[in-house]
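Enquirer:
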Amino acid sequence: MQTEWLEQPKDPKMSRATGCVFSRVISQGDTEDRAAVMALVTSTKTHVDVAREMTGAGIFMSEHAVRRHRKNDCTCALVGA
364 MQTEWLEQPK
374 DPKMSRATGC
384 VFSRVISQGD
394 TEDRAAVMAL
404 VTSTKTHVDV
414 AREMTGAGIF
424 MSEHAVRRHR
434 KNDCTCALVG
444 A
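Heads up: the sequence shown begins at 364 in my numbering, then just goes up one per residue.
Written as structure tokens, this is what we have:
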């Protein structure tokens with residue numbers, strides 16, 4: 364079983380202390396990445412479908428991360444609090 368993708372990034376900018384995975388992708392991505400992520404987050408797709416699309420694009424996450432972000436129950440709400 365390959366588990367390389369389970370390892371957390373070593374880049375300190377990708378720390379959970381800087382926000383949830385969505386905020387990290389948005390803050391580090393280019394304009395097209397930001398627009399694509401925002402379109403996914405605000406779409407009517409299910410949490411599972413959004414997680415599958417993000418994982419397919421190389422950003423591994425669960426549907427729970429999508430749900431927490433959509434309900435503003437993620438670390439985005441905690442950063443700077």
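Think of the CB as a built atom: it goes at the ideal place given N, C-alpha and C, for glycine as much as any other residue.
Report back the beta-carbon spacing between Asp396 and Val384 to the nearest angstrom; my notes put them in contact at under 8 Å.
Expert: The pair is not a contact, with the Cβ atoms about 13 Å apart (cut-off 8 Å).
Enquirer: Between Asn435 and the rest of its own chain, which residues show a CB-CB distance below 7 Å, the 5 nearest in sequence each way excluded?
Expert: So the list is empty, once near-sequence residues are dropped.
Enquirer: Since Val413 contacts Leu403 with CB under 8 Å, what's their CB separation in whole angstroms?
Expert: Right, the Cβ-Cβ distance comes to about 5 Å (below 8 Å), so this counts as a contact.
Enquirer: From Val400 to Phe423, what distance separates their C-alpha atoms?
Expert: Straight-line Cα distance between these residues: approximately 13 Å.
Enquirer: What is the DSSP secondary structure of Phe423, reduced to helix, strand or coil?
Expert: Residue state, collapsed to three classes: coil.
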